[in-house]
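Okay, so here's the structure we're looking at.
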Amino acid sequence: MGQILDKVQGKEWRQRQIRKITDKVFDRFKNEQGRANLTFEDLYIAVLLVFNDINKRLPGPHFDPPSKEQVRALMQECDINLDGELNREEFVKFIQQLTKDTFITVSQGLIITLAVAPTVALVTKRTTEGVPGIGKVVQKLPNSVYASLVTLAIVLFQKAAALKD
Numbered sequence: 000m001g002q003i004l005d006k007v008q009g010k011e012w013r014q015r016q017i018r019k020i021t022d023k024v025f026d027r028f029k030n031e032q033g034r035a036n037l038t039f040e041d042l043y044i045a046v047l048l049v050f051n052d053i054n055k056r057l058p059g060p061h062f063d064p065p066s067k068e069q070v071r072a073l074m075q076e077c078d079i080n081l082d083g084e085l086n087r088e089e090f091v092k093f094i095q096q097l098t099k100d101t102f103i104t105v106s107q108g109l110i111i112t113l114a115v116a117p118t119v120a121l122v123t124k125r126t127t128e129g130v131p132g133i134g135k136v137v138q139k140l141p142n143s144v145y146a147s148l149v150t151l152a153i154v155l156f157q158k159a160a161a162l163k164d
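Residue numbers 0 to 164, in numbering that gives the first Met the number 0, belong to the letters of the sequence shown in order.
Have a look at this one:
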């Protein structure tokens, strides 16, 4: 479980995830448009695609994309060479700034799930004693295995609920 928390909390993990998403989106526009840079129209569509990927792939609440005005303002901040377009590196910087709060929210949700679920599992383990069939099996399981199974079940339940939305 420590490895999972390291991945979630690690800055490198977040940067790798952002880089994968930005490279995929940037390459899509580069191939379709035949241009090396993104215009504002391309950028806004790219932002919608990035937030669609974030909402599909990351656990947690639904994240609404920013407005066109917010995108335009952030684009001006990230356009280092002031050509009115974003190249690949400017686009990565743009998306990092745009999604930093999103990743913090997702990370906090995962940490809470991964810390609270095992505690709840261990506290409620005794309540299963009276359940016919299941109670004896649960009591024979080591606490660490039981806590891991309950945590896994909660994470899967959260993912299933997120897919419904």
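Think of the CB as a built atom: it goes at the ideal place given N, C-alpha and C, for glycine as much as any other residue. Being a predicted model, the structure only gives us computed values, none of them experimental.
Practice problem: For the alpha helix (DSSP H) holding Gly134, just list the boundary residues, first then last. | Solution: Ile133 to Lys139
Exercise. Count the C-beta pairs between the region 113-126 and the region 135-155 that are closer than 8 Å, then say yes if the count reaches three, no if not.
Key: yes
Quiz item: Do Ile17 and Gln69 come within 7 Å of each other at the CB atom, strictly closer than that value?
Solution: no
Quiz item: Just curious, the alpha helix (DSSP H) that Lys67 is in, first and last residue?
Solution: Lys67 to Cys77
Quiz item: To the nearest angstrom, how far is it from the Cα of His61 to the Cα of Ala45?
Solution: 18 Å
Quiz item: Is the Cβ-Cβ distance between Phe25 and Arg71 less than 7 Å?
Solution: no
Practice problem: Give the DSSP-derived three-state secondary structure of Leu48 in the structure shown. | Solution: helix
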